[in-house]
């Protein structure tokens, strides 16, 4: 069974710092990996999706990398801002076919960027 | 487009009561799903549907029922609420599921349920 782990559970940094959030998974047979953002009391918003054949994806100040062989992904946030404060979750889809491709989520990293 | 909508936003039930959490999407998505989110455990899949009339169980289906009579709606029913079902419930949808590695899910704002 796929397990997804995110460490640390919480992180606090001063504004302007570059930071890295970590995600590890136990089964490397994945279809893709996604990073989501969740604001308090809100739903999840997809930030980046990396296909199994890709090594990284970038969107603005965000860069996500994927290393399937080691079962790891990182989300790099450049020049952090207080508006980046949220919980960040990663989720993987297995490479099995059809409707078995369900997401397995990590428990998230709660990020606080201090002004 | 409203995206994925959920009602109610908050609900308090007594043990043994039943209720239905509503979910609707206006994006003509084939795939819809229900998750529950508990502290420290991430999101866990309850039930999902790959199209109207087709549903299946996820990781934690016990105590919940679903049906999918239309493409737009995917209600989640609690037949006899238990304190263990206290959680935040999210509905999600995507255009397709099995065919494209770039499909992403769109999430509703959630329903916070407390069972006393």
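Chains as they are written, first to last, in the working numbering: chain R, -1 to 113; chain U, 14 to 129. Glycine included, C-beta positions come from ideal geometry on N, C-alpha and C. This one's a predicted model, so the numbers in the text were calculated from it and none came from an experiment.
Pairing residue 55/R with residue 46/R gives a Cβ-Cβ distance under 8 angstroms. Excluding five sequence positions before and after residue 17/R, the CB atoms of its chain that fall closer than 8 angstroms to its own CB belong to 9, 11, 74, 75, 78, 109, given in chain order. If you ignore the 5 residues before and after residue 27/R, its C-beta comes within less than 7 angstroms of the C-beta of 92, 93, all in its own chain and listed in chain order. Taking a Cβ-Cβ threshold of 8 angstroms, the residues of chain U close to residue 40/R are 122, 123, in chain order. Distances from the alpha-carbon of residue 90/U to those of 56/U, 53/U, 20/U put 20/U closest. With fewer than 16 other beta carbons inside 10 angstroms of its own, residue 39/U counts as exposed. Measuring C-alpha to C-alpha distances from residue 106/U to each of 57/U, 53/U, 46/U identifies 46/U as the nearest.
Going by DSSP, residue 60/U is part of the beta strand (DSSP E) stretching over 56 to 64. Under the DSSP definition of a beta bridge, residue 67/U partners with 64/U. Excluding the 5 residues flanking it on each side, residue 30/R has same chain C-beta neighbours closer than 8 angstroms at 47, 48, 49, 50, 90, 91, in chain order. The beta carbon of residue 14/U lies closer than 7 angstroms to those of 39, 40 in the same chain, with the five residues before and after it left out. Secondary structure of residue 86/U (DSSP, three-state): strand. Taking the Cα positions, residue 123/U is about 20 angstroms away from residue 75/U. Under a criterion of Cβ atoms nearer than 9 angstroms, no residue of chain U is adjacent to residue 23/R; the nearest Cβ is some 12 angstroms distant.
Taken through DSSP and simplified to helix, strand or coil, residue 10/R comes out as strand.
The residue from 50/U, 93/U, 73/U, 56/U with its alpha-carbon nearest to that of residue 32/U is 93/U. Secondary structure note for residue 37/U: its beta strand (DSSP E) is the uninterrupted segment 32 to 38.
Excluding residues up to 5 positions away in sequence, 18, 85, 86 lie with their Cβ nearer than 6 angstroms to the Cβ of residue 37/U in the same chain.
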